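Colleague:
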Amino acid sequence: MTKALIAGGAGFIGSTVASACLDDGVVTPVILDNLSTGRPEFVRGRIFYQGDIADARLVDKIFAEHPDIETVVHCAALIVVPQSVVQPLRYYNENVAKSVAFLESVIENGCRRILFSSSASIYEVGGDGGLAVDELSPIAPTSPYASGKAMVEQVLRDCVRAYGVRVIALRYFNPIGVDPLLRTGPQSAASCHVLGRMVAAARAGEPFTLTGVDWPTRDGSGVRDYVHVWDLARAHVLALRRFDEIIPPYWPERYEAINLGTGRGTTVRELLAAFEAVTGRPIRVREAPRRSGDCVGGFNVSRRAHELLGWWPSLSLEDAIRNELRWAALRDSPGKAEYS
Numbered sequence: 001m002t003k004a005l006i007a008g009g010a011g012f013i014g015s016t017v018a019s020a021c022l023d024d025g026v027v028t029p030v031i032l033d034n035l036s037t038g039r040p041e042f043v044r045g046r047i048f049y050q051g052d053i054a055d056a057r058l059v060d061k062i063f064a065e066h067p068d069i070e071t072v073v074h075c076a077a078l079i080v081v082p083q084s085v086v087q088p089l090r091y092y093n094e095n096v097a098k099s100v101a102f103l104e105s106v107i108e109n110g111c112r113r114i115l116f117s118s119s120a121s122i123y124e125v126g127g128d129g130g131l132a133v134d135e136l137s138p139i140a141p142t143s144p145y146a147s148g149k150a151m152v153e154q155v156l157r158d159c160v161r162a163y164g165v166r167v168i169a170l171r172y173f174n175p176i177g178v179d180p181l182l183r184t185g186p187q188s189a190a191s192c193h194v195l196g197r198m199v200a201a202a203r204a205g206e207p208f209t210l211t212g213v214d215w216p217t218r219d220g221s222g223v224r225d226y227v228h229v230w231d232l233a234r235a236h237v238l239a240l241r242r243f244d245e246i247i248p249p250y251w252p253e254r255y256e257a258i259n260l261g262t263g264r265g266t267t268v269r270e271l272l273a274a275f276e277a278v279t280g281r282p283i284r285v286r287e288a289p290r291r292s293g294d295c296v297g298g299f300n301v302s303r304r305a306h307e308l309l310g311w312w313p314s315l316s317l318e319d320a321i322r323n324e325l326r327w328a329a330l331r332d333s334p335g336k337a338e339y340s
């Protein structure tokens, strides 16, 4: 059994990855999180260090106490796209500058395997390739959040050439749902992602605000490739298990980007229809202009995740909706004030 340091392992995705590692039983997660958005209850009973990824002394301490860490999983980031537009310096500092400091510490401690949580938002969409993208599609981020992900990928590519590290960048499409065992999920009822906002609107009996209704799509709403967060977590476990097969230690090309998506483009209106079908109740809609940093969206057409990881998504849109509804009920139930 080996260990992986999961930076951001108290957040929504990082904590789910840690759960998948524990369930798999091959990789023990060691979690580093400053709890700025992560939740302390998501790391209960797990190896946990509270602090910032840019704290070199803390990173040194973690490696000294866990010399069997073989891989770093870098999930630590701020993720709210509209917020990144109005606070770009904050996002570049938290997501880019601190990543550079973190990588310097990781490399100085002799770790040469890095699994980076990247994003499909870095791709150009709506151009000559339409809404379908693969790992060779042009890079053209439309928000500081997406630009930061692209910048860190470039930093990692340069580290590959300079320091001999090996990197797998997992480019997520649109995570939804929660851990099916309800151990972790979106940290707050004030969710920034679309399904969370649908759940919140339905539970409050309020209209769902549909932002952007004039995109060049089949119904005017944006297109997304919604992938269940548990499927994303499984992909991380497979990447950790197969790291040396995907990028052998002395392979000339030591950087691999892999898209994680379902291959299906779903409009927001279609997601809303699926939500209504699962709940059996209509939900009122209030149309609103596009938000800052929004894009028309896209979906994955790559098979690289299947070829390299042996991964296919196994959970459906309806599974994600049911999981998220169950999580919201648990999070907001009496005695669960820690989730508020």
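Following full-length UniProt numbering, the numbering of the sequence shown begins with 1 at its first residue and continues without gaps.
We put the beta carbon where it would ideally sit given N, CA and C, even for glycine.
As the structure is a computational prediction, the values presented were derived from the model and not from experiment.
Does Gln83 come out as helix, strand or coil in the three-state DSSP assignment?
Modeller: The count along the sequence shown starts at 1 and reaches residue 83 at position 83. If DSSP states are grouped into helix, strand and coil, Gln83 belongs with the helices.
Colleague: With DSSP run on the structure shown, which of helix, strand or coil describes Ala146?
Modeller: Indexing the sequence shown from 1 puts residue 146 at position 146. Ala146 sits in a helix when the DSSP states are folded into three classes.
Colleague: Are Tyr226 and Leu260 close, meaning C-beta to C-beta below 9 angstroms?
Modeller: The sequence position of residue 226 within the sequence shown is 226, counting from 1. The sequence position of residue 260 within the sequence shown is 260, counting from 1. No, they are not a contact pair.
Colleague: Assuming Ile69 and Tyr49 make a contact with CB atoms under 8 angstroms, what is their CB distance in whole Å?
Modeller: To locate residue 69, count along the sequence shown from 1; it is residue 69. To locate residue 49, count along the sequence shown from 1; it is residue 49. In fact, because the Cβ distance is near 12 angstroms, the residues do not count as touching under 8 angstroms.
Colleague: Ignore the nearest five residues each way along the sequence and tell me which others in Ala202's own chain have a CB closer than 6 angstroms to its CB.
Modeller: Walking along the sequence shown from the start, residue 202 turns up at place 202. Cβ neighbours of Ala202 beyond the five flanking positions: Ile283.
Colleague: CB Gly293 to CB Ala120, shorter than 9 angstroms?
Modeller: Locating residue 293 in the sequence shown gives position 293, counting from the first residue. Locating residue 120 in the sequence shown gives position 120, counting from the first residue. Their beta carbons are not under 9 angstroms apart, which means Gly293 does not touch Ala120 by this criterion.
Colleague: Does DSSP put Phe42 in a helix, a strand or coil?
Modeller: Here residue 42 is taken as the residue at index 42 of the sequence shown, counted from 1. Residue state, collapsed to three classes: helix.
Colleague: Taking 9 angstroms as the cut-off, decide whether the C-beta atoms of Asp179 and Pro313 are in contact.
Modeller: Counting from 1 along the sequence shown, the entry for residue 179 is found at position 179. Counting from 1 along the sequence shown, the entry for residue 313 is found at position 313. Cβ distance not < 9 angstroms, so Asp179 and Pro313 don't count as in contact.
Colleague: In whole angstroms, what is the alpha-carbon distance linking Thr37 and Gly280?
Modeller: Position 37 of the sequence shown holds residue 37. Position 280 of the sequence shown holds residue 280. Rounded to whole angstroms, Thr37 to Gly280 spans 33 angstroms at the Cα level.
Colleague: Is the CB-CB distance between Val167 and Arg241 below 9 angstroms?
Modeller: Walking along the sequence shown from the start, residue 167 turns up at place 167. Walking along the sequence shown from the start, residue 241 turns up at place 241. Going by C-beta atoms, Val167 is not nearer than 9 angstroms to Arg241.
Colleague: Below 8 angstroms on the Cβ atoms is my guess for Met151 versus Val96; work out the distance and round it to an integer in Å.
Modeller: Residue mapping note: residue 151 aligns to position 151 of the sequence shown, counting from 1. Residue mapping note: residue 96 aligns to position 96 of the sequence shown, counting from 1. Yes, they are in contact, since the Cβ atoms of Met151 and Val96 sit about 5 angstroms apart, within 8 angstroms.
Colleague: May I ask which residues mark the beginning and end of the alpha helix (DSSP H) holding His236?
Modeller: Taking the first residue of the sequence shown as 1, we reach residue 236 at position 236. From DSSP, the alpha helix (DSSP H) with His236 extends over Val229 to Ile246.
Colleague: How would you label Val72, buried or exposed, when you count the other beta carbons within 10 angstroms and need 16 or more for buried?
Modeller: If you number the sequence shown from 1, residue 72 lands on position 72. Looking at its Cβ environment, which holds 16 or more other Cβ atoms inside 10 Å, Val72 is buried.
Colleague: Smallest Cα separation from Ala64: which of Leu5, Ser84 and Ala20?
Modeller: Within the sequence shown, numbered from 1, the residue matching residue 64 stands at position 64. When each option's Cα is compared against that of Ala64, the closest is Leu5.
Colleague: In the DSSP output, which residue or residues are listed as bridge partners for Lys3?
Modeller: Residue numbering aside, residue 3 sits at position 3 when the sequence shown is read from its first letter. In the DSSP output, where bridge partners are listed per residue, Lys3 has Thr28 and Ile69.
Colleague: Starting from Val285, trace the beta strand (DSSP E) in both directions and tell me its first and last residue.
Modeller: To locate residue 285, count along the sequence shown from 1; it is residue 285. Annotation: the continuous beta strand (DSSP E) that includes Val285 extends over Val285 to Ala288.
Colleague: Which residues does DSSP pair with Glu104 in a beta bridge?
Modeller: For the purposes of this step, residue 104 is taken as residue 104 along the sequence shown, with counting starting at 1. The partner list for Glu104 (beta bridge, DSSP) is empty, contrary to what the question assumes.
Colleague: Can you list, in chain order, the residues of its chain with a C-beta nearer than 6 angstroms to that of Pro138? Leave out the 5 residues immediately preceding and following it.
Modeller: By one-based count along the sequence shown, residue 138 stands at place 138. The residues are Glu124.
Colleague: On the CB-based measure, 16 or more other CB atoms within 10 Å of its CB, does Trp327 come out buried or exposed?
Modeller: On the sequence shown, position 327 is the one that residue 327 refers to. Result: buried.
Colleague: With burial defined as no fewer than 16 other Cβ atoms inside 10 Å of the residue's Cβ, what is the status of Leu317: buried or exposed?
Modeller: Residue mapping note: residue 317 aligns to position 317 of the sequence shown, counting from 1. Leu317 comes out buried.
Colleague: Does DSSP classify Thr267 as helix, strand or coil?
Modeller: Reading the sequence shown from its first residue, position 267 is the one you call residue 267. It is a strand residue.
Colleague: By DSSP's criteria, Phe48 is part of a beta bridge. Which residues make up the other side?
Modeller: Walking along the sequence shown from the start, residue 48 turns up at place 48. DSSP output for Phe48 lists Ile31 as bridge partner(s).
Colleague: For Asn259, report the span of its beta strand (DSSP E) as first-last.
Modeller: Position 259 of the sequence shown, counting from 1, holds the residue named residue 259. Start and end: Tyr255 to Leu260.
Colleague: For the alpha helix (DSSP H) that contains Pro88, what are its first and last residues?
Modeller: Locating residue 88 in the sequence shown gives position 88, where the first residue counts as 1. Looking at the DSSP string, the run of the alpha helix (DSSP H) that includes Pro88 is Pro88 to Tyr91.
Colleague: Helix, strand or coil: which one does DSSP assign to Gly9?
Modeller: As a working mapping, residue 9 is identified with position 9 in the sequence shown. Note: Gly9 maps to coil in three-state DSSP.
Colleague: Along the beta strand (DSSP E) that carries Val167, what are the first and last residues, could you check?
Modeller: As a working mapping, residue 167 is identified with position 167 in the sequence shown. Arg166 to Tyr172 is the span of the beta strand (DSSP E), which, as asked, contains Val167.
Colleague: In three-state terms, what does DSSP make of Thr209?
Modeller: For the purposes of this step, residue 209 is taken as residue 209 along the sequence shown, with counting starting at 1. Reduced to three states, the DSSP call for Thr209 is strand.
Colleague: For Gly222 and Arg304, I'd like the C-alpha separation in whole angstroms.
Modeller: Here residue 222 refers to the residue found at position 222 of the sequence shown. Here residue 304 refers to the residue found at position 304 of the sequence shown. Each residue's alpha carbon lies about 25 angstroms from the other.
Colleague: Along the chain, where does the beta strand (DSSP E) containing Ile114 start, and where does it finish?
Modeller: Numbered from 1 along the sequence shown, position 114 holds the residue referred to as residue 114. Arg113 to Ser119 is the span of the beta strand (DSSP E), which, as asked, contains Ile114.
Colleague: Could you give the first and the last residue of the continuous alpha helix (DSSP H) run that contains Gly196?
Modeller: Sequence index remark: in the sequence shown, residue 196 carries index 196 (1-based). Note, Gly196: alpha helix (DSSP H), Val194 to Ala204.
Colleague: To the nearest angstrom, report how far apart Val133 and Leu309 are at their CA atoms.
Modeller: Residue numbering aside, residue 133 sits at position 133 when the sequence shown is read from its first letter. Residue numbering aside, residue 309 sits at position 309 when the sequence shown is read from its first letter. Cα-Cα distance, rounded: 19 angstroms.
Colleague: So if DSSP puts Tyr123 in a beta bridge, which residue, or which two residues, is it bridged to?
Modeller: Position 123 of the sequence shown, counted from the first residue, corresponds to residue 123. Note: Tyr123 sits in a beta bridge opposite Ile139.
Colleague: Using the beta-carbon count (16 or more within 10 Å), is His236 buried or exposed?
Modeller: The count along the sequence shown starts at 1 and reaches residue 236 at position 236. Its Cβ being crowded by 16 or more others within 10 Å, His236 is buried.
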